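J.: So the number in the working numbering is just where the residue sits in the sequence shown, counting from 1, plus 275. Think of the CB as a built atom: it goes at the ideal place given N, C-alpha and C, for glycine as much as any other residue. Predicted model, so just to flag it, every value in this text is computed and none were measured. Below is one structure. I have some questions about it.
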Amino acid sequence: MEAALRAFVRHRADYRCEYCRLHEGDADYLAFHVDHVIAKQHGGTDDPDALCYACSECNWAKGPNLARHLDGNFYPLFNPRRQNWKRHFRWEITTLVGKTKTGIVTIYVLNINAPSRVSLRENLLFEGRFPPDE
Ligand SMILES: [Zn+2]
276 MEAALRAFVR
286 HRADYRCEYC
296 RLHEGDADYL
306 AFHVDHVIAK
316 QHGGTDDPDA
326 LCYACSECNW
336 AKGPNLARHL
346 DGNFYPLFNP
356 RRQNWKRHFR
366 WEITTLVGKT
376 KTGIVTIYVL
386 NINAPSRVSL
396 RENLLFEGRF
406 PPDE
């Protein structure tokens with residue numbers, strides 16, 4: 276991926292993961308990724324409108340997943356290009372809560388409330404760097 280495209284995606288996201296909202300400056304060890312919202316193997320493209328900025332933990336957990344089964348139906352994962360984050364998620368202190376089925380399945384698949392990730396947010400809260408201004 277060319278540097279200019281990566282820079283565009285990064286800036287558009289305000290340097291935050293577009294799923295868990297972690298700022299790249301608060302992830303002290305691993306670089307963020309440009310994520311194909313729809314994985315290439317499912318027809319995703321390198322068009323900027325098909326890309327988002329994601330922390331390594333969200334990106335690795337998401338992999339090529341597009342949806343998850345819940346209560347008898349499949350629900351699509353959150354699409355940062357087509358959907359509004361606040362409509363699907365809210366913070367309960369340092370735990371992310373899904374407001375919709377899409378929010379719920381996204382939190383599950385991306386493992387957003389893993390203990391180590393909640394612990395990082397607790398440290399950021401203590402330091403006054405969480406929650407993000409939205
Ligand atoms: Zn993330």
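Could you tell me the alpha carbon to alpha carbon distance between Y328 and C292, rounded to whole angstroms?
T.: Reading the sequence shown from its first residue, position 53 is the one you call residue 328. Reading the sequence shown from its first residue, position 17 is the one you call residue 292. Each residue's alpha carbon lies about 5 Å from the other.
J.: Please go through the same chain and pick out, in chain order, the residues whose beta-carbon is closer than 7 Å to the beta-carbon of D301, but skip the five residues on each side of it.
T.: As a working mapping, residue 301 is identified with position 26 in the sequence shown. Around D301: L399, R404.
J.: Can you look up R356 in the DSSP assignment and give me helix, strand or coil?
T.: Taking the sequence shown and counting its residues from 1, the one referred to as residue 356 is at position 81. In the structure shown, R356 sits in coil (DSSP, three-state: anything other than H, G, I, E or B).
J.: Would you call D321 buried or exposed, if buried means 16 or more other Cβ atoms sit within 10 Å of its Cβ?
T.: Position 46 of the sequence shown, counted from the start, is the residue given in the question as residue 321. Answer is exposed; the Cβ neighbour count stays below 16.
J.: Please tell me whether, using a cut-off of 7 Å, the distance from the CB of E397 to the nearest non-hydrogen atom of ligand 1 is below it.
T.: Position 122 of the sequence shown, counting from 1, holds the residue named residue 397. Flag unset: Cβ of E397 not near ligand 1.
J.: Name the one or two DSSP bridge partners that R396 has.
T.: Counted from its first residue, the sequence shown places residue 396 at position 121. The partner list for R396 (beta bridge, DSSP) is empty, contrary to what the question assumes.
J.: Buried or exposed: which applies to G318, given that a residue is buried once 16 or more other Cβ atoms fall within 10 Å of its Cβ?
T.: In the sequence shown, residue 318 corresponds to position 43, counting from 1. Burial call: exposed.
J.: For the alpha helix (DSSP H) holding N348, just list the boundary residues, first then last.
T.: Translated into positions along the sequence shown, residue 348 becomes position 73. Careful: N348 lies outside any alpha helix (DSSP H), inside the beta strand (DSSP E) at 348-351.
J.: Candidates Y304, D303, L280: which alpha carbon is nearest D310's?
T.: If you number the sequence shown from 1, residue 310 lands on position 35. Checking every option, the nearest Cα to that of D310 belongs to L280.
J.: Any heavy atom of ligand 1 inside 7 Å of the beta-carbon of E332?
T.: Position 57 of the sequence shown, counting from 1, holds the residue named residue 332. Yes, Cβ of E332 sits closer than 7 Å to a heavy atom of ligand 1.
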